[in-house]
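Novice: Here you go, one structure.
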Amino acid sequence: MDLMQAIKSRRAIRKFKTDAVPQDALDQIIEAARLAPSGVNSQPWKFKVVTDPAVKEQVFLATRNQNHVRQAPAVIIICADTMSYHKGLRERFKELLDNGIITQDDLNGMGLGDLITSEEAADLEKFAPSAIFNTAIATEHMALMAAALGLGTCWVHLFDKAAISKLFNLPPWLIPVTLLPVGYADEDPEPRPRKPVGEIMF
Ligand SMILES: Cc1cc2nc3c(=O)[nH]c(=O)nc-3n(C[C@H](O)[C@H](O)[C@H](O)COP(=O)(O)O)c2cc1C
C-alpha cells in the first residue's frame, strides 16, 4: 500500500473484532513511531502496548466509557516524556557550547538556561507543550502504519490523564497524551468530511 492509500484508508475505528493483533504488526507500528521526526531529535515519547484484558479494562474505565478502548485487542498508551529534553538536549547543547557555536547567554535568552543546570525533571514542565506536539507526530505515524497493515485505530484524547498516570504509576515527567486502540475493524465508516482545499489555503 502506498502512503496516500494508507492516508485515505485510515479512519477513526470504534468497533473492533476480537482477533488479536499479531506481534509483528505491533512491532512495526512501534517502529513507525520510533522513526518519527522530532524537534532537535529529542524523541520525547514513551509507549506501552496493553493487551492484558484486566489492564485494558482499567484503561477503559478512564475513558468516559469509550467502548472501542475496551473492545480493541491492543491499546497503545502514548506519553510525552519531558525528561527527554533533560537527557537528550543537555548533551546536544553541551556540544554546541563546547564548540563555541552558542553561549550560555544564548541558551538563557532562549529560555533554556535551566536545561543546562537543572537536575530536576519537575522543572521541565515548561517543555510539556513541545513534548506533546512531537508525540502527536509519532502517534499519527502509528495510525498510518496500522492502516497500511490493514488494522484500525482511533486517536483517543478524551480520557482521565490522572487515572492513567496512577494506573501505570507514571513519574510526573511522563504525560499521558493519547490512547490508541488497535485491532481489526468491525465497521467500515465512510470517509468523514474534510474542508475543501480552497478553504484551508490562504
Ligand atoms: C487529537 C485527537 C483526539 C481525538 N480524540 C478522540 C476521542 O477521545 N475519542 C474518539 O472516539 N475519537 C477521537 N478522535 C477521533 C476523531 O474524532 C476523528 O479522527 C475525526 O472525527 C475524523 O475522522 P477520521 O479519523 O475517521 O478521519 C480524536 C482525533 C484526534 C486527532
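Note that the working numbering numbers the sequence shown so that position 67 is 67, with each residue one more than the last.
Just so you know, even glycine gets a beta-carbon here, dropped at the ideal spot from N, CA and C.
Can you have a look at Met110 and say buried or exposed, based on whether 16 or more other CB atoms are within 10 angstroms of its CB?
Specialist: Per the 10 Å Cβ criterion, exposed.
Novice: Could you please give the first and the last residue of the uninterrupted alpha helix (DSSP H) stretch that includes Leu174?
Specialist: Segment 174-183 is the beta strand (DSSP E) holding Leu174; no alpha helix (DSSP H) there.
Novice: Can you tell me the Cα-Cα spacing of Ala162 and Ser9, whole angstroms?
Specialist: Those two C-alpha atoms are separated by around 33 Å.
Novice: Measuring alpha carbon to alpha carbon, tell me which residue in Gln104, Ile76, Pro191 is nearest Val49.
Specialist: When each option's Cα is compared against that of Val49, the closest is Ile76.
Novice: Cutting at 6 Å between CB atoms, please list the residues of its own chain near Lys195, excluding the five before and the five after it.
Specialist: Around Lys195: no qualifying Cβ.
Novice: Do you know offhand how far Ile78's Cα is from Leu112's?
Specialist: Computed Cα separation, rounded: 26 Å.
Novice: Please find out if some non-hydrogen atom of ligand 1 comes closer than 7 Å to the beta-carbon of Val156.
Specialist: Yes, the beta carbon of Val156 sits closer than 7 Å to at least one heavy atom of ligand 1.
Novice: Ser118 to Lys17, Cα distance in whole Å?
Specialist: Here the model assigns Ser118 a pLDDT of 49, short of 50, so the residue's position is not dependable and the matter cannot be decided.
Novice: Pick out whichever of Ala25, Thr103, Trp155, Asp24 has its Cα sitting closest to the Cα of Thr139.
Specialist: Taking only the C-alpha atoms, the option nearest Thr139 is Trp155.
Novice: Starting from Ala148 and walking both ways along the alpha helix (DSSP H), at which residues does that stretch end?
Specialist: First-last of the alpha helix (DSSP H) with Ala148: 128-148.
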